[in-house]
């Protein structure tokens, strides 16, 4: 039997209360001395005079989940972390809402900065997630990560 | 032989479907599949995409089998 992969995708926006709850869950893990959090927020870009209203995310789910799993394994191999969590939205997220939540924890702070950047960059580069920027007039364009 | 091909993002918009079964020659490789697809969907010539075989992006042209799951992946834009 293969190891169960953690659920990463969350339907719609990631709520501030979900994030708060996630922080609270770590209060029993007293070996941790430092948390670091990255929150990706949907930006209201203006493209050719039209304002982005939200992003609709779709994914090659099975491959994305395997890739998230590989990123987790690589991160734990590379950095001395106590734990890490990745959550990514699927479906529509409005501007101003959170679409990516990465949470790393360790006994000391330094490694959390490096690990956090590593995870976020890997997610952007390696995971088959596709964002469609939807404008106010319901036209759209496909986002490409820089 | 028949190959199952999955489409995502802007590619699915071009093909107007999320997946299909494609009739290809026996021992068809990735390059052959790519030219066949570009013939069928002309707009694919103007977009950038990668081909995943069984969820792994392949840069070399391996021979495909009917059991392979093929996916056309446009540029990633998560986060």
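Protein chains in written order, with the working numbering: chain A, 118 to 263; chain B, 691 to 769. Backbone N, C-alpha and C define an ideal beta-carbon position, used for all residues, glycine too. In this text, all values refer to a predicted model and were calculated from it rather than measured experimentally.
How close, in whole Å, do the beta carbons of residue i and residue j come, if the pair is a contact with beta carbons under 8 Å?
i: residue 170/A; j: residue 261/A; result: With 8 Å as the limit, residue 170/A and residue 261/A do not qualify as a contact, their Cβ atoms being about 19 Å apart.
i: residue 763/B; j: residue 695/B; result: Actually they do not touch by this definition, with Cβ atoms about 11 Å apart.
i: residue 736/B; j: residue 693/B; result: Their Cβ separation, rounded to whole angstroms, is 23 Å, which puts residue 736/B and residue 693/B out of contact at 8 Å.
i: residue 222/A; j: residue 198/A; result: 7 Å
i: residue 224/A; j: residue 149/A; result: 7 Å
How would you call residue i, buried or exposed, if buried means at least 16 neighbouring beta carbons within 10 angstroms?
i: residue 218/A; result: buried
i: residue 153/A; result: buried
i: residue 752/B; result: exposed
i: residue 157/A; result: buried
i: residue 253/A; result: exposed
i: residue 699/B; result: buried
i: residue 192/A; result: buried
i: residue 201/A; result: buried
i: residue 135/A; result: exposed
i: residue 189/A; result: buried
Please identify the residue among the options whose C-alpha is closest to the C-alpha of residue i.
i: residue 208/A; options: 146/A, 161/A, 131/A, 174/A; result: 174/A
i: residue 746/B; options: 187/A, 172/A, 160/A; result: 187/A
i: residue 140/A; options: 127/A, 128/A, 130/A, 155/A; result: 155/A
i: residue 768/B; options: 123/A, 181/A, 198/A, 135/A; result: 181/A
i: residue 697/B; options: 178/A, 189/A, 145/A, 146/A; result: 178/A
i: residue 723/B; options: 766/B, 765/B, 750/B; result: 750/B
i: residue 255/A; options: 220/A, 226/A, 211/A; result: 211/A
i: residue 719/B; options: 742/B, 765/B, 730/B; result: 742/B
Taking 7 Å as the threshold (C-beta atoms), are residue j and residue i in contact?
i: residue 137/A; j: residue 229/A; result: no
i: residue 739/B; j: residue 704/B; result: no
i: residue 185/A; j: residue 237/A; result: no
i: residue 130/A; j: residue 214/A; result: yes
Next on the checklist: Three or more C-beta pairs under 8 Å: does that hold for the region 163 to 172 of chain A against the region 239 to 247 of chain A?
Outcome noted: no
Checklist entry - If we count Cβ pairs, one from each stretch, closer than 8 Å, do we get three or more for the region 192 to 205 of chain A versus the region 705 to 723 of chain B? => result no
Checklist entry - For the 8 Å Cβ check, are there 3 or more pairs between the region 228 to 235 of chain A and the region 747 to 766 of chain B? => result no
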